[in-house]
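Have a look at the structure below, then the notes.
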Amino acid sequence: MSEIILQTKNLTKRYGNLSAIENLNFEINQGEIVGFIGPNGAGKTTTIKLIAKLLTPTNGKIYIRNIRGDLQDINISSFNLINRGFLVDIPIFYNVSAYRLLKYYAMLYRYPKELIEQRIDELLSYFKLNSWKYENVKKYSKGMKQKLGFIQAIIHDPELIILDEPQMGLDPKARIDIRNYLKLLKSQGKTIFLASHILHEISELCNKIILINNGSIVAQYEMKNLAHALKINELTCQILKSISAEKISPILTKMRELLSLYLDKEMLNNKSISPIQYEQQEKTFTIYYDGIEESKSEIFKILGREFESEFSIVSFTQSKTSQLEKIYSEMIIDEEKRTRKRWFKNH
38 MSEIILQTKN LTKRYGNLSA IENLNFEINQ GEIVGFIGPN GAGKTTTIKL
88 IAKLLTPTNG KIYIRNIRGD LQDINISSFN LINRGFLVDI PIFYNVSAYR
138 LLKYYAMLYR YPKELIEQRI DELLSYFKLN SWKYENVKKY SKGMKQKLGF
188 IQAIIHDPEL IILDEPQMGL DPKARIDIRN YLKLLKSQGK TIFLASHILH
238 EISELCNKII LINNGSIVAQ YEMKNLAHAL KINELTCQIL KSISAEKISP
288 ILTKMRELLS LYLDKEMLNN KSISPIQYEQ QEKTFTIYYD GIEESKSEIF
338 KILGREFESE FSIVSFTQSK TSQLEKIYSE MIIDEEKRTR KRWFKNH
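Using my numbering, read the sequence shown as starting at 38 and increasing by one per residue.
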């Protein structure tokens, strides 16, 4: 059986002379959470609608694993595919109760009849909608409809889950609930393709990211390789109390001297930028080091031992979110430059 559960080959959708997406090629393996990120209008929702068969591709193929374990072209046949769940764009529902809606979808996807009631109650309770179980969904707020859309996508316990901005319009507590449930699904071996603008959520959840802009994939990375992709190795040291401006200069000098063996050599020799930077308001040191795993341990030991009288360390982390933000910004800017060059060349 192939590990690949979803694959696209040269996937293209055009509207006349306008290309919504062009030659998308990517693979998603069993048990992965893959983040699909890009600016508005990049082609994320179009891609998901093509996978959901709400649109027909102009060119290219979409393959999804079938119940025999083979990859199957969904536009030739949708029979015998593994169970899929979709939350596409902004969810819109018939004017019925949440209970009737979820029961309909559970039965449609042949979820065991004897377990449907329990499944509905468990999910509505988890997402704090149990008291609204028999209320018409037209009475629901935007955030409640978004949560109901997520429940509808997973009600039948699908193997492959495709989500388009599942946390859009949700308050912080509801976003945490969605994030935690996605982690639970991942622990169960589910495969999730997640389009989102919330880079923090992507960094928390995903094994891999696919960055799309202007209808084309501009980068694909394993989350564990973000630092290598950026050619920057960055550590964040959070301290308990802020250090005043007049006291920080000698501390930074001392840190450069004691950590010099482990700091980024190019930055260490560059007088215009320091490999150790301090943000007074955030109470953080940002340390650019040589990327060697053992160096992180040595830096932490030195900071704790030699600077005990200057500050107390609260946390010592390598932030995936900041790395992802840098990749996102750099790739989008580079793609915009290439697009402008093509435009001027053709005009």
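From the three backbone atoms N, C-alpha and C, an ideal C-beta is built for every residue, glycine too.
6 Å CB neighbourhood of residue i in its chain, flanking five on each side removed
{"i": "residue 64", "result": "41 and 44"}
{"i": "residue 121", "result": "195 and 197"}
{"i": "residue 161", "result": "167 and 170"}
{"i": "residue 103", "result": "109, 117 and 118"}
{"i": "residue 257", "result": "247"}
{"i": "residue 126", "result": "82 and 201"}
{"i": "residue 55", "result": "none"}
Beta-bridge partners of residue i, as assigned by DSSP
{"i": "residue 99", "result": "45"}
{"i": "residue 83", "result": "None, per the DSSP bridge assignment."}
{"i": "residue 134", "result": "173"}
{"i": "residue 201", "result": "232"}
{"i": "residue 122", "result": "198"}
{"i": "residue 71", "result": "230 and 245"}
{"i": "residue 109", "result": "101"}
{"i": "residue 329", "result": "DSSP, once it has assigned bridges, lists no residue as partnering residue 329."}
{"i": "residue 324", "result": "272 and 313"}
DSSP-derived helix/strand/coil call for residue i
{"i": "residue 155", "result": "helix"}
{"i": "residue 147", "result": "coil"}
{"i": "residue 50", "result": "strand"}
{"i": "residue 210", "result": "helix"}
{"i": "residue 56", "result": "strand"}
{"i": "residue 245", "result": "strand"}
{"i": "residue 273", "result": "strand"}
{"i": "residue 166", "result": "coil"}
{"i": "residue 38", "result": "Confidence is the limiting factor: at residue 38 the pLDDT is only 47, short of 50, which leaves the residue's position unreliable and the question unanswerable from this model."}
{"i": "residue 115", "result": "coil"}
{"i": "residue 190", "result": "helix"}
{"i": "residue 256", "result": "strand"}
{"i": "residue 352", "result": "strand"}
{"i": "residue 318", "result": "coil"}
{"i": "residue 61", "result": "strand"}
{"i": "residue 298", "result": "helix"}
{"i": "residue 217", "result": "helix"}
{"i": "residue 93", "result": "coil"}
{"i": "residue 66", "result": "strand"}
{"i": "residue 306", "result": "coil"}
{"i": "residue 250", "result": "strand"}
{"i": "residue 78", "result": "coil"}
{"i": "residue 345", "result": "coil"}
{"i": "residue 183", "result": "helix"}
{"i": "residue 224", "result": "helix"}
{"i": "residue 287", "result": "helix"}
{"i": "residue 140", "result": "helix"}
{"i": "residue 281", "result": "coil"}
Close beta carbons around residue i, own chain, < 8 Å, minus the five adjacent residues each side
{"i": "residue 395", "result": "Residue 395 cannot be examined here, being either before or after the span of the chain that is shown, 38 to 384."}
{"i": "residue 143", "result": "153, 156, 157, 192 and 193"}
{"i": "residue 235", "result": "204 and 212"}
{"i": "residue 293", "result": "300, 305, 311, 312 and 313"}
Whether residue i touches residue j by CB criterion (9 Å)
{"i": "residue 227", "j": "residue 200", "result": "no"}
{"i": "residue 72", "j": "residue 274", "result": "no"}
{"i": "residue 203", "j": "residue 233", "result": "yes"}
{"i": "residue 166", "j": "residue 150", "result": "no"}
{"i": "residue 307", "j": "residue 80", "result": "no"}
{"i": "residue 141", "j": "residue 133", "result": "yes"}
{"i": "residue 348", "j": "residue 276", "result": "yes"}
{"i": "residue 74", "j": "residue 229", "result": "no"}
{"i": "residue 289", "j": "residue 315", "result": "yes"}
{"i": "residue 385", "j": "residue 272", "result": "Lying before the first or after the last residue shown, residue 385 is absent from the chain, which here runs from 38 to 384."}
{"i": "residue 66", "j": "residue 90", "result": "no"}
{"i": "residue 214", "j": "residue 163", "result": "yes"}
{"i": "residue 344", "j": "residue 291", "result": "yes"}
{"i": "residue 70", "j": "residue 231", "result": "yes"}
Reference residue i, options the options, closest by Cα
{"i": "residue 182", "options": "193, 206, 163 and 195", "result": "206"}
{"i": "residue 353", "options": "328, 343, 329 and 324", "result": "324"}
{"i": "residue 237", "options": "249, 271, 216 and 312", "result": "216"}
{"i": "residue 211", "options": "329, 278, 96 and 187", "result": "187"}
{"i": "residue 118", "options": "100, 125, 338 and 129", "result": "100"}
{"i": "residue 278", "options": "293, 126, 321 and 69", "result": "321"}
{"i": "residue 173", "options": "351, 82 and 136", "result": "136"}
{"i": "residue 177", "options": "209, 218 and 130", "result": "130"}
{"i": "residue 159", "options": "175, 297, 218 and 287", "result": "218"}
{"i": "residue 138", "options": "303, 283, 304 and 190", "result": "190"}
{"i": "residue 318", "options": "300, 245, 221 and 280", "result": "280"}
{"i": "residue 331", "options": "70, 342, 351 and 298", "result": "298"}
{"i": "residue 124", "options": "85, 115 and 98", "result": "85"}
{"i": "residue 245", "options": "60, 52, 53 and 68", "result": "68"}
Residues of its chain near residue i, where Cβ-Cβ distance is below 7 Å and the 5 sequence neighbours each way are ignored
{"i": "residue 38", "result": "A caution first: residue 38 carries a pLDDT of 47, below 50, which makes its placement in the model unreliable, though a value can still be read off. Cβ neighbours of residue 38 beyond the five flanking positions: 106."}
{"i": "residue 50", "result": "57, 58, 83, 87, 92, 94 and 95"}
{"i": "residue 241", "result": "216"}
{"i": "residue 180", "result": "206, 207, 208 and 211"}
{"i": "residue 351", "result": "275, 276 and 277"}
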